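*Asks:* Before I ask anything, here is the structure I am working with.
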Amino acid sequence: MDINQKKKAAAEAALAYVKPGMIVGVGTGSTVNFFIEALAAARVQVDGYVASSIATEQRLRSQGLNVLDLNQTGDIPIYVDGADEIDIYFRMIKGGGAALTREKIVASAARQFVCIVDDSKEVNMLGKFPLPVEVLPFARSFVARQLVKLGGNPTLRQGVSTDNGNVILDVVGLDFTNPVELEREINNIPGVLDNGVFAKRRADVLLVGGNDGVQTHK
Ligand code: 5RP
518 MDINQKKKAA AEAALAYVKP GMIVGVGTGS TVNFFIEALA AARVQVDGYV
568 ASSIATEQRL RSQGLNVLDL NQTGDIPIYV DGADEIDIYF RMIKGGGAAL
618 TREKIVASAA RQFVCIVDDS KEVNMLGKFP LPVEVLPFAR SFVARQLVKL
668 GGNPTLRQGV STDNGNVILD VVGLDFTNPV ELEREINNIP GVLDNGVFAK
718 RRADVLLVGG NDGVQTHK
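518 is the number of the first residue of the sequence shown in this note's numbering; add one for each residue after it.
See the structure below:
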């Protein structure tokens with residue numbers, strides 16, 4: 518199985534969590550794009566979808582799927598999204614697609630987070646994937662200096678402006694021994710909008726596409 522077949526298998530398995538009458542939060546990325554294809558084919562009679570990015574919103578609409586504003590929905594039953602890394606406690610690094618802030622908002626508004634990945638995303642320890650941090654352009658250099666003080670080595674992601682008009686610093690070298698504390702500490706730096714550690718709001722269900730099909734972990 519190649520990586521895309523694994524992503525597709527995990528994405529299709531997530532359909533089992535989508536029930537008629539639900540409002541479904543939809544993440545961002547290539548694995549989620551397979552999920553959107555599966556949603557479009559299945560046509561479950563949901564009440565609508567909340568998108569975690571402009572790209573996802575456009576993709577949902579292009580399939581004729583009903584996109585709702587999170588400000589109108591209240592909390593939602595389910596959120597389905599991929600990850601760049603996920604550990605055995607279902608803590609993640611996300612934001613490879615620069616959508617981390619809206620992703621964390623929709624994930625936090627959801628009662629259940631279903632994470633869909635191929636098996637290359639499973640790790641024993643988070644931190645090999647550079648941690649994306651969304652930063653106000655005004656604060657870019659200041660935040661970079663604070664990240665260096667935390668032991669990190671930040672690099673500006675070139676040519677990227679987020680859906681919120683901000684920049685992304687990708688950071689290597691941070692200590693992930695305590696991801697909840699690291700997530701909190703980075704978010705306390707003035708000028709940081711959010712960072713890609715999803716430790717406070719972890720996944721609840723993990724669907725992993727691999728050579729032997731999809732493994733479900735809860
Ligand atoms: C986007 C994300 C994605 O979930 C993450 O980058 C995984 O992407 P893909 O499914 O393309 O591997 O966090 O901001």
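Glycine included, C-beta positions come from ideal geometry on N, C-alpha and C. Predicted model, so just to flag it, every value in this text is computed and none were measured.
Quick check: what's the CA-CA separation for VAL684 versus LEU653?
*Replies:* 6 Å
*Asks:* Verify whether the separation of the beta carbon atoms of LEU585 and TYR566 is less than 8 Å.
*Replies:* yes
*Asks:* Give the straight-line distance between the Cα atoms of PHE552 and SER569, rounded to the nearest whole angstrom.
*Replies:* 14 Å
*Asks:* What are the partner residues of ASN712, as DSSP defines its beta bridges?
*Replies:* VAL650
*Asks:* Apart from the five residues just before and just after LYS717, which ones in its own chain have a Cβ nearer than 7 Å to its Cβ?
*Replies:* VAL697 and GLU700
*Asks:* Could you tell me if ASP687 is buried or exposed, where buried requires 16 or more neighbouring beta carbons within 10 angstroms of its beta carbon?
*Replies:* buried
*Asks:* Measuring from the CB of GLU620, is there a heavy atom of the ligand 5RP at a distance below 7 Å?
*Replies:* Result yes, Cβ under 7 Å from the ligand 5RP.
*Asks:* To the nearest angstrom, report how far apart ASP604 and GLU639 are at their CA atoms.
*Replies:* 6 Å
*Asks:* Tell me the rounded alpha-carbon separation between VAL561 and GLY612.
*Replies:* 28 Å
*Asks:* With a threshold of 7 Å on Cβ separation, who are the neighbours of ALA527 within its own chain once the five nearest residues in sequence on each side are excluded?
*Replies:* THR548, ILE633, VAL634, ASP635, LEU724, VAL725, GLY726 and VAL731
*Asks:* Specify the secondary structure class of PRO537 as computed by DSSP and reduced to three states.
*Replies:* coil
*Asks:* Tell me which residue opens and which closes the alpha helix (DSSP H) that GLN663 is part of.
*Replies:* 657-666
*Asks:* Taking C-alpha atoms, which residue in GLN629, LYS523, ALA615 and GLU554 lies nearest to VAL541?
*Replies:* GLN629
*Asks:* Does the Cβ of ALA716 lie closer than 7 Å to at least one heavy atom of the ligand 5RP?
*Replies:* The answer is no for ALA716.
*Asks:* Spell out the partners DSSP gives GLN589 in its beta bridges.
*Replies:* Answer is none; GLN589 lacks a bridge partner.
*Asks:* On the three-state DSSP scale, how would you describe VAL549?
*Replies:* Three-state DSSP puts VAL549 in a helix.
*Asks:* Run the CB neighbour count on LYS645, radius 10 Å, all protein chains shown included, and call it buried at 16 or more, exposed below.
*Replies:* exposed
*Asks:* What does the alpha-carbon distance come out to for the pair GLY708 and ALA656?
*Replies:* 5 Å
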